[in-house]
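**Student:** Please see the structure below; I have some questions.
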């Protein structure tokens, strides 16, 4: 018989609510007033978006994830960062029928998925974008498009 953990349902509800608030705040983002939580840590992924003459840089806190668990996607004027960590099963829970001495007293490290969508404040060169991940911090560098590059593509006539 498997024991039901009532906190799983609460955790799932809180994650769902967090995603809903994230989507709502994404619709409120404007160039004049970037959506910023009143206190750091209220979002699944805290980010800084920094623009200078050369590039737009997005720095995101993603502690506890491996780089192969992180996906970064740039579409139109939005950057989406998503990460999923599978539940670690280093120690299997004790089988009640067996004579195992292993039991969890607290089990909080479970499968976790986070995501964040941020508006990119300037036209960027998608092909020159780079990303690095070090010590739980993802840095995405998006070089700006040149003033003369309107994002179009020239087509040769045969």
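Residue numbers (our numbering): -15 to 142.
Glycine included, each C-beta is placed from N, C-alpha and C at the ideal position.
1. Can residue 67 and residue 49 be called in contact, C-beta distance under 7 Å?
2. Between residue 124 and residue 113, how many whole angstroms is the CB-CB distance? I'm expecting something under 8 Å.
3. Check residue 52 in the structure and name its three-state DSSP category.
4. Are the CB atoms of residue 101 and residue 41 nearer to each other than 7 Å?
5. Under DSSP, the beta strand (DSSP E) around residue 127 begins and ends at which residues?
6. Within 10 Å of its beta-carbon, does residue 104 have 16 or more other beta-carbons around it, so buried, or fewer, so exposed?
7. Measure the alpha-carbon distance for residue 2 versus residue 28 and round it to whole angstroms.
8. If you drop the 5 nearest sequence neighbours on each side, which residues of the same chain put their C-beta closer than 8 Å to that of residue -5?
9. Does the distance from the C-beta atom of residue 108 to that of residue 126 stay below 7 Å?
10. What is the rounded straight-line gap between the Cα of residue 110 and the Cα of residue -3?
11. Would you say residue 90 and residue 69 are within 7 Å of each other, going by their C-beta atoms?
12. What are the partner residues of residue 35, as DSSP defines its beta bridges?
13. So, residue 45 versus residue 30, is the Cβ gap smaller than 7 Å?
14. Using 8 Å for Cβ pairs, my map puts residue 57 next to residue 128. What's the rounded Cβ distance?
15. Could you spell out the range, first to last residue, of the beta strand (DSSP E) harbouring residue 118?
**Tutor:** Taking the definition as stated:
1. As a working note, residue 67 is residue 83 in the chain shown. As a working note, residue 49 is residue 65 in the chain shown. Yes, the pair counts as a contact, with Cβ atoms nearer than the cut-off.
2. By one-based count along the chain shown, residue 124 stands at place 140. By one-based count along the chain shown, residue 113 stands at place 129. Correct: roughly 7 Å between the Cβ atoms.
3. For the purposes of this step, residue 52 is identified with residue 68 of the chain shown, where counting begins at 1. Looking at residue 52 - three-state DSSP - the assignment turns out to be helix.
4. On the chain shown, position 117 is the one that residue 101 refers to. On the chain shown, position 57 is the one that residue 41 refers to. No, Cβ-Cβ distance for residue 101 and residue 41 is not below 7 Å.
5. Translated into positions along the chain shown, residue 127 becomes position 143. Residues 121 to 127.
6. On the chain shown, position 120 is the one that residue 104 refers to. When all chains shown are included, residue 104 counts as buried.
7. To locate residue 2, count along the chain shown from 1; it is residue 18. To locate residue 28, count along the chain shown from 1; it is residue 44. Cα-Cα distance, rounded: 7 Å.
8. On the chain shown, position 11 is the one that residue -5 refers to. Same-chain partners within the cutoff: 94.
9. Taking the first residue of the chain shown as 1, we reach residue 108 at position 124. Taking the first residue of the chain shown as 1, we reach residue 126 at position 142. Yes, Cβ-Cβ distance for residue 108 and residue 126 is below 7 Å.
10. Numbered from its first residue, the chain shown carries residue 110 at position 126. Numbered from its first residue, the chain shown carries residue -3 at position 13. For residue 110 and residue -3, the distance between alpha carbons rounds to 36 Å.
11. Along the chain shown, one-based indexing puts residue 90 at 106. Along the chain shown, one-based indexing puts residue 69 at 85. No, Cβ-Cβ distance for residue 90 and residue 69 is not below 7 Å.
12. As a working note, residue 35 is residue 51 in the chain shown. The partner list for residue 35 (beta bridge, DSSP) reads 40.
13. Here residue 45 refers to the residue found at position 61 of the chain shown. Here residue 30 refers to the residue found at position 46 of the chain shown. Yes, the pair counts as a contact, with Cβ atoms nearer than the cut-off.
14. Stepping through the chain shown from its first residue, residue 57 is reached at position 73. Stepping through the chain shown from its first residue, residue 128 is reached at position 144. Actually they are not in contact, since the Cβ atoms of residue 57 and residue 128 sit about 19 Å apart, beyond 8 Å.
15. Start at 1 with the first residue of the chain shown, and residue 118 comes out as number 134. From DSSP, the beta strand (DSSP E) with residue 118 extends over 114 to 118.
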